[in-house]
Structure formats: C-alpha cells, structure tokens
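Mind the numbering: the sequence shown is residues 720 to 905 in our numbering, read in order.
From the three backbone atoms N, C-alpha and C, an ideal C-beta is built for every residue, glycine too.
Read the structure below first, then the notes.
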Amino acid sequence: MANEFFDIVDENDLPTGIQKPRSVAHRDGLWHRVIHVWIYNSRGEVLLQLRQKDKDTYPNVWDLSVGGHVTAGSSIIDAAKREVFEEVGLNLKESDLEFYGKKKSEKTPDGNIDSEYHYVYLLKYDGLFENLKFQEEEIQKIQFITLEDLEKNLKEHPEKYLPRGDYWTEMIGAIRGKMHEMGAPR
Numbered sequence: 720m721a722n723e724f725f726d727i728v729d730e731n732d733l734p735t736g737i738q739k740p741r742s743v744a745h746r747d748g749l750w751h752r753v754i755h756v757w758i759y760n761s762r763g764e765v766l767l768q769l770r771q772k773d774k775d776t777y778p779n780v781w782d783l784s785v786g787g788h789v790t791a792g793s794s795i796i797d798a799a800k801r802e803v804f805e806e807v808g809l810n811l812k813e814s815d816l817e818f819y820g821k822k823k824s825e826k827t828p829d830g831n832i833d834s835e836y837h838y839v840y841l842l843k844y845d846g847l848f849e850n851l852k853f854q855e856e857e858i859q860k861i862q863f864i865t866l867e868d869l870e871k872n873l874k875e876h877p878e879k880y881l882p883r884g885d886y887w888t889e890m891i892g893a894i895r896g897k898m899h900e901m902g903a904p905r
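Laid out in structure tokens, this is it:
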C-alpha cells in the first residue's frame, strides 16, 4: 500500500499525465481517484467494514462496504472490481456494478491532505454471507446492518463511523430507492 502510485488529475478530474506515490499525493494534496462500492441486499441491509486498528487514517471505525484508490494505469471500473475482490472476495463482472455518481472530496485526516474524486457504485448481493472473505490486513470484520439501524447508530454513536457527513445519509437514501424499485421492504 505504501508504494502505490496514483494517476494525478487536476481539480476538474482531468488527467495530468503525472503519476505520484500515495505518500506524496496525500502529503501534497494532489487530486486522485478513489472507488467506493456500497453492497446491499434485498432485505434492506448494507454491508459495512470495521477498519483495522493500524490503518493510517481512521483506524478502528465502521466504513462503507468497499473503498480503495485507483492505482496508476488502472481503469476506474477495474479498480472497483479489484477492490471488491481484495476486500470481500467477490469476483465481479463490470455489469454487476451500478454506477451511482462521482463526488469531489477534500479532507485533512491525520496531517494528510486527501483531495479525491470518489467514483461511487452500488452492488446488490443476495449470496451467502459465508461466501464473503474479507481482507484481514485492512479489515477487522464485516457485517450487514439494516438501514434503520445504521441511521440510528450514526446519530447515537457517530464516533464509531468514518466521518462522511451527509454522504452516509445520501447513500442510505440511494439504497432505499433501490429497495423501492425492487418492491422490497425499506
């Protein structure tokens, strides 16, 4: 992870042709791309991961299903498929992922300057929980949680979750919308 290189983009998400190591991109606030995959099921639950205790940013808190950087030379969709495989063990086709949108994000966790474009995907998974194999180097555990319980927990115990502000609420709403489309309980 420490030696990862990123394709640097400008503030409008246009490629610059420059590649920099992760440490430099985060130290200098260089714009780069990240993928987020929100995994949900038809029971109205979303998969969350508990980040490892030794993560360099936001250790030991709950976060979205899958997230990762787009490494230099990789396409965004290939990065999404790779991260889903690495973090939860699912081997996907491109058509399994539904593109939700792109978010511009600037944060300063732990002295870093995270200037990122988040490419956000939804993934419906109704398979067996036992088939999910999480990446122990980065994740302590994974669990499905109902949207209602997630909302309640975010209000009552926000310190237990990666601080994403309104993004949590937006994505809970997006998953509720998918549930409505399926005619499932929300």
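Annotation for LYS800: the continuous alpha helix (DSSP H) segment containing it runs 795-807. With respect to ARG770, ILE858 sits close: the two C-beta atoms are nearer than 8 Å. DSSP places ASP726 inside the beta strand (DSSP E), whose first and last residues are 724-728.
The distance from the Cβ of LEU841 to that of TYR819 is about 5 Å, consistent with a contact at the 8 Å cut-off. In the DSSP assignment, ARG770 falls within the unbroken beta strand (DSSP E) covering 764-770. The DSSP-derived three-state label of SER761 is coil. In the structure shown, PHE818 falls within a strand segment according to DSSP collapsed to helix, strand and coil.
For TRP887 and GLU900, the gap between their C-alpha atoms comes out near 20 Å. With fewer than 16 other beta carbons inside 10 angstroms of its own, GLN862 counts as exposed. Cα atoms of GLU855 and VAL728: separation of roughly 31 Å, rounded to the nearest angstrom. Inside the segment 844-905, DSSP marks whole alpha helix (DSSP H) runs of 4 or more residues at positions 866-875 and 885-901, from first to last along the chain. Burial is judged here by how many other beta carbons sit within 10 angstroms of a residue's own beta carbon; LEU749 has at least 16 and is buried. Pairwise C-beta distances place the segment 740-759 in contact with the segment 784-804, as three or more of them are shorter than 8 Å. Of all C-beta pairs linking the segment 806-818 to the segment 830-849, three or more are shorter than 8 Å, placing the two stretches in contact. The beta carbon of ILE795 sits closer than 7 Å to those of ARG752, ILE754, VAL789 and TYR838, all from its chain and outside the five residues before and after it, given in chain order. Here SER824 is near GLU835, since their CB atoms are less than 8 Å apart. Contact between ARG746 and ASN850 does not hold, since their C-beta atoms are separated by about 39 Å, which reaches or exceeds 8 Å. With 16 or more neighbouring CB atoms inside 10 Å of its own CB, PHE725 falls in the buried class. In the three-state reduction of the DSSP assignment, PRO828 falls in the helix class.
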